[in-house]
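Undergrad: For what it's worth, the numbering used here labels the leading residue of the sequence shown as 433, then goes sequentially.
From the three backbone atoms N, C-alpha and C, an ideal C-beta is built for every residue, glycine too.
This is the structure I want to talk about, given as structure tokens.
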Amino acid sequence: MQIPSKYDASKVEEKWYDYWMKHNYFHSKPDEREPYTIVIPPPNVTGVLHMGHMLNNTIQDVLIRRARLQGKNACWVPGTDHASIATEAKVVTKLKEQGIDKNDLTRKEFLKHAWEWTHEYGGVILEQLKKLGCSCDWDRTKFTMDDDMSEAVIKVFVDLYKKGLIYRGYRMVNWDPEAKTTLSDEEVEYIDKQGKLYHVNYKIEGSDEELTIATTRPETILGDTAICINPNDERHTHLKGKKAIVPICNRVIPIIEDEYVDLEFGTGCLKVTPAHDENDKVLGDKHNLEVIDIFNEDATLNSYGLHYEGQDRFEVRKAIVKELDSLGLISKIEDHNNRVGISERTKAIIEPRLSDQWFLKMEELVKPAIKAVLGENNDIQLFPKKFENTYRHWMENIRDWNISRQLLWGQQIPAYYYGDGKEDFVVAENIENAVKLAQEKTSNVELKASDLTQETDALDTWFSSWLWPMSVFDGIRNPENEEIKYYYPTNDLVTGPDILFFWVARMIIAGYEYKNDKPFKNVYLTGLVRDKQRRKMSKSLGNSPDALKLIEEYGAGGVRVGLLLSAAAGNDLMFDEALCQQGKGLGNKIWSAFYLTTLWEVSETIEQPQSSKIALEWYEAKFQKALTEIEDHFSKYRLSDAIMAIYKLIYDDFCGWLLEIVKPAYQQPIDAKTYNAVISLLEENLKILHPFMPFITEEIWQLISERTPEEALIVAKWPELKSTNESLISEFDFAADVISGVRTIRKEKNIAFKDAIAFSVINNENVADTFDAVIKKLGNLESVAYVSEAIDGALTYRVKSNEYFIPMAGAIDVEAEIKKLTDELNYTEGFLKSVQKKLSNERFVNNAPEQVVASEKKKEADALAKIETLKASLASLG
């Protein structure tokens, strides 16, 4: 078979992925082996592969492939999340393009469109992950809206309701007017937005007096039901007990007193709008105020908005300020920086809104989850540990979870209403059970399914995904099944810190509630992928490269290594395509090394040279030392350090040193013993590189020799840790410096490498002669002689205190060399004088920064050492 001299990823990657799939290497079934399990953070079904996914899934694949090589039963469960808000928005947009209004559809009709959209576009990202080389167990692919997954969600809802942990309440919630749904506190992001502070005059009933309030939201004036002053504010004593008139709508409202009002903010008078501000609602409840909601669900004004009815809130803001100004009721407008809440999904500005919602009590549920991460036993470890503080803050300040969403796409809440009252409902897993419960509750055996109406709200998407590590193994519906008992708890979770609370914490809570055990042992929190200017990669900035085009250009292995080279856990990755080129370069290097071995003629008769024998022993030691480091990096989830250690081992030690030492002379064969050992070491290199660069390593592995499916690299055996011969490594490092010195002299003196030269050493360091054969071969030396005195007529260099001599007689123009060395000596002595003059100046030494003085002293020491070497070289030349 003709092996190409260059690696072409486009001809290799699909071939080996198909081979792995054909032979079912990714699939896992419970057996006697130790399980190693990862569940994928399910990407949105609407998603396409971006740089964050690339990083996250590369890390997971590295971990799962390594576990497979370690002989563990590796199971990586893939899947997607139905993403209620994002998916419903996509479907609504598509329907609009077809001239269909969502509001004209029944729930059943809308869901039909949603499923059609999901089947057409959903799962694209999973197909893209295959291009990256992800070795997921595709037979286990799950979707959070699968029938069995939905059944588990409903089962949990009913169970929590029965335990008294789920309740329905009329609360102030975060409302997304674009998605037209409520959001949990964690789904709201806060941004600084430059706005205005409007000072508006309100007339006092029965007088010409006015009071002034300061507001950032003049459009909500039409919902005011009181003015509040601080009872201790002497400025407003005269207002106590009076009433004010709301501008434009002319509603008469009370002036109330409460110490909640900040004496320092604005005018000290506060407009109270209980329907549109959480703190105002508290005041309203305390003082029994009327609640007037002026907004429709899309944040346009309703009939309370008078002539502004149907107009958008921000348009009304401009118009109402104009109207107030025309009435002479605006006394001042100031610039004001607002902290504004926006929807994490749609980026719409949130409206506080009163509505009936479903909530999950969290106070007791979180306790085992806090202990698991922050307790003495460290049952669950976060990497890096700095995120423990974030976790603690969230969990110790947790509020009840708003789990209902005003959406159609998602699991419909299993509450069934049988009457007109808010409490006239039952909660059941299905309509049949609901009918029985309703009959019992009402003592009316005549009630039937048609008399019941199911709650229209859907459950928060996170209420599905918090069960993910259990539900993917059917652990909720069938808690004692073989798979959940084998695979749970899972091992590692790889995700972003932005969903540490949304998802990670909630999975821990659910795990302890339903399995009385942690859902995973370790959580590896990746950083964000940023560009070279430290900007977060996003479509809007146009700074995010096309993931598939990167793979096309650099190969999957190049992209994977490029991402990981700078992806330390928890730290943001400054992505640069040059890193992918570096990754591709590593692949090309090991391919070239392999290709070189295919060009060698192998002889069974010639003896193994001493240089090859000792070099192979050295590389084995070097490999073991690197393997120890790599194992340590893996244990601490320092994958960036692990790939760097592998990179240096292969690039520098294997390709740079070992192959150069063992390669035969031009047109000469290599001995079989050395060749077999080199191939064996190449295979060991392929094993540790495989998790990072799976395609090229499998290609080389299969080209080395014919393999059965059971002998494929993907299921080979991870190298075993053995003792490391440290002295051999340190002796080689010394020998490498000696070789470097020989090569430098050859280069500087233009001595052709084909010309063998004599070599002598004064061995002041008592260095063993272990690597003399290597020094002799790589320096092309006639001999290595140990002497006790300097050699006349030879050039000299030092490695530590050892002196090395290369006789130059006949090899160079001695007179020209003496002149060159003399000029260099004169220059160096002049330089030394200038440095010593500076160091003899007490003022400089006493006043200059410590590092500056230290730098000058180093210059002095370097110059003295160089002068000594130059003088020795001159002396040797006579």
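Rank H482, F727, L1121, K438 by C-alpha distance to the C-alpha of A979 and give the top, closest one.
TA: Translated into positions along the sequence shown, residue 979 becomes position 547. Ranking H482, F727, L1121, K438 by Cα distance to A979 puts H482 first.
Undergrad: Can you tell me which of the three DSSP states W841 falls into?
TA: For this step, residue 841 is matched to residue 409 along the sequence shown. Coil at W841, not helix or strand.
Undergrad: Report the three-state DSSP secondary structure of A499 (helix, strand or coil).
TA: If you number the sequence shown from 1, residue 499 lands on position 67. Three-state DSSP puts A499 in a helix.
Undergrad: Tell me whether Y849 is buried or exposed, calling it buried when 16 or more other Cβ atoms sit within 10 Å of its Cβ.
TA: Translated into the one-based positions of the sequence shown, residue 849 becomes position 417. Flag for Y849 reads buried.
Undergrad: Going straight from the alpha carbon of W900 to that of M939, what length do you get?
TA: Locating residue 900 in the sequence shown gives position 468, counting from the first residue. Locating residue 939 in the sequence shown gives position 507, counting from the first residue. Roughly 7 Å separates the two Cα atoms.
Undergrad: Let me know if P1126 comes out buried or exposed under the rule of 16 or more other beta-carbons within 10 Å of its beta-carbon.
TA: As a first step, residue 1126 is located in the sequence shown; it is residue number 694 there, counting from the start. So P1126 counts as buried.
Undergrad: From the DSSP secondary-structure annotation, give me the bridge partner or partners of A1304.
TA: The residue you call residue 1304 lines up with position 872 of the sequence shown. The partner list for A1304 (beta bridge, DSSP) is empty, contrary to what the question assumes.
Undergrad: Report all residues from its chain with a CB closer than 7 Å to the CB of A866; omit the five preceding and five following residues, and keep chain order.
TA: Residue mapping note: residue 866 aligns to position 434 of the sequence shown, counting from 1. Within the same chain, A866 has close Cβ partners Y848, V858, A860, L884.
Undergrad: Compute the Euclidean distance between the alpha carbons of V1219 and R1230, then round it to the nearest angstrom.
TA: Numbered from its first residue, the sequence shown carries residue 1219 at position 787. Numbered from its first residue, the sequence shown carries residue 1230 at position 798. One C-alpha to the other measures close to 14 Å.
Undergrad: Whole alpha helix (DSSP H) runs in the stretch 1057–1117 with 4 or more residues, listed along the chain?
TA: Listed in chain order, they are 1071–1080, 1091–1094.
Undergrad: Quick check: the Cα distance between E1138 and Y1027, rounded to an integer number of angstroms?
TA: For this step, residue 1138 is matched to residue 706 along the sequence shown. For this step, residue 1027 is matched to residue 595 along the sequence shown. Whole-angstrom Cα-Cα distance: 16 Å.
Undergrad: With DSSP run on the structure shown, which of helix, strand or coil describes Q813?
TA: Within the sequence shown, numbered from 1, the residue matching residue 813 stands at position 381. Three-state result, Q813: strand.
Undergrad: Does the Cβ of N923 have 16 or more other Cβ atoms within 10 Å, making it buried, or fewer, making it exposed?
TA: Taking the first residue of the sequence shown as 1, we reach residue 923 at position 491. Burial call: buried.
Undergrad: Using 8 Å as the threshold, is the C-beta distance between L786 and M969 below it?
TA: Here the question's residue 786 lines up with position 354 in the sequence shown. Here the question's residue 969 lines up with position 537 in the sequence shown. Result no, Cβ atoms of L786 and M969 do not sit closer than 8 Å.
Undergrad: Hey, out of I762, L654, V684, whose CA is closest to H739's CA?
TA: The residue you call residue 739 lines up with position 307 of the sequence shown. H739 has its Cα closest to that of L654, out of I762, L654, V684.
Undergrad: Given this structure, state the Cα-to-Cα distance separating E1319 from A707, to the nearest angstrom.
TA: The structure shown has nothing for residue 1319, since the chain only spans 433 to 1310.
Undergrad: So what does F791 bridge to, in DSSP terms?
TA: Position 359 of the sequence shown, counted from the first residue, corresponds to residue 791. Looking at the DSSP assignment, F791 forms a beta bridge with Y599, N834.
Undergrad: Under the rule that 16 or more other beta-carbon atoms within 10 Å means buried, what is D930, buried or exposed?
TA: The sequence position of residue 930 within the sequence shown is 498, counting from 1. When all chains shown are included, D930 counts as exposed.
Undergrad: I'd like to check one pair, W547 with K526: are the Cβ atoms closer than 8 Å?
TA: Position 94 of the sequence shown, counted from the start, is the residue given in the question as residue 526. Position 115 of the sequence shown, counted from the start, is the residue given in the question as residue 547. No, the pair does not count as a contact, with Cβ atoms beyond the cut-off.
Undergrad: Would you identify the three-state DSSP class for N770, choosing helix, strand or coil?
TA: Translated into positions along the sequence shown, residue 770 becomes position 338. N770 falls in the strand class under three-state DSSP.
Undergrad: Roughly how many whole angstroms lie between the Cα atoms of T1156 and A1058?
TA: Position 724 of the sequence shown, counting from 1, holds the residue named residue 1156. Position 626 of the sequence shown, counting from 1, holds the residue named residue 1058. Straight-line Cα distance between these residues: approximately 10 Å.
Undergrad: For T648, which of L1296, E766, K799, A506 has the nearest alpha-carbon?
TA: Walking along the sequence shown from the start, residue 648 turns up at place 216. Looking at the Cα atoms, E766 is the closest of the given residues.
Undergrad: Which residues in the same chain have their Cβ closer than 8 Å to the Cβ of K911, if we skip the five residues on either side of it in sequence?
TA: Taking the sequence shown and counting its residues from 1, one reaches residue 911 at position 479. As written in the sequence, residue 911 is Pro, which differs from the Lys given in the question. So the qualifying residues of the chain are Y946, K947.
Undergrad: Taking contact to mean at least 3 C-beta pairs separated by less than 8 Å, is the stretch 742–759 in contact with the stretch 571–579?
TA: The stretch 742–759 vs the stretch 571–579: no contact.
Undergrad: Where are the beta strand (DSSP E) runs, 3 residues long or more, that stay fully inside the stretch 915–956, in chain order?
TA: Here the runs fully enclosed are 922–927.
Undergrad: Just to confirm, is the Cβ distance from A426 to P609 under 8 Å?
TA: Since the first and last residues shown for the chain are 433 and 1310, residue 426 lies out of range.
Undergrad: On the three-state DSSP scale, how would you describe T893?
TA: One-based indexing of the sequence shown puts residue 893 at position 461. If DSSP states are grouped into helix, strand and coil, T893 belongs with coil.
Undergrad: Nearest to K635 by alpha carbon, out of N1258, V480, I659?
TA: The sequence position of residue 635 within the sequence shown is 203, counting from 1. Of N1258, V480, I659, the residue nearest in Cα terms is I659.
Undergrad: Which residue or residues does DSSP assign as beta-bridge partners of A1200?
TA: Here residue 1200 refers to the residue found at position 768 of the sequence shown. Its beta-bridge partners do not exist; DSSP assigns none.
Undergrad: Residue range of the alpha helix (DSSP H) that W508 falls in?
TA: Numbered from its first residue, the sequence shown carries residue 508 at position 76. Counting along the chain, W508 falls outside any alpha helix (DSSP H), though it belongs to the beta strand (DSSP E) covering 505–509.
Undergrad: I believe K1054 touches L1081 by the beta-carbon criterion, under 8 Å. Please report the beta-carbon distance rounded to the nearest angstrom.
TA: Residue numbering aside, residue 1054 sits at position 622 when the sequence shown is read from its first letter. Residue numbering aside, residue 1081 sits at position 649 when the sequence shown is read from its first letter. That pair is a contact at about 7 Å.
Undergrad: Would you kindly work out how many angstroms separate the C-alpha atoms of H670 and E641, rounded to a whole number?
TA: Counted from its first residue, the sequence shown places residue 670 at position 238. Counted from its first residue, the sequence shown places residue 641 at position 209. The alpha-carbon atoms of H670 and E641 are separated by roughly 10 Å.
Undergrad: Using only alpha-carbon positions, find the residue among A1077, I1046, E1049, Y1069 that is nearest to T1060.
TA: Counting from one through the sequence shown, the residue named residue 1060 turns up at place 628. It is A1077 whose Cα lies nearest to the Cα of T1060.
Undergrad: So, at 7 Å on beta carbons, what are the nonlocal neighbours of D665 in its own chain, with the 5 sequence-adjacent residues on each side left out?
TA: Here residue 665 corresponds to residue number 233 of the sequence shown, with the count starting at 1. Once the five neighbours on either side are set aside, the close Cβ partners of D665 are L695, G700.
Undergrad: Reducing DSSP to helix, strand and coil, say where S582 ends up.
TA: Your numbering for residue 582 matches position 150 in the sequence shown. S582: helix per DSSP, three-state reduction.
Undergrad: May I ask you to report which of helix, strand or coil DSSP gives N1258?
TA: Residue numbering aside, residue 1258 sits at position 826 when the sequence shown is read from its first letter. Helix, per DSSP.
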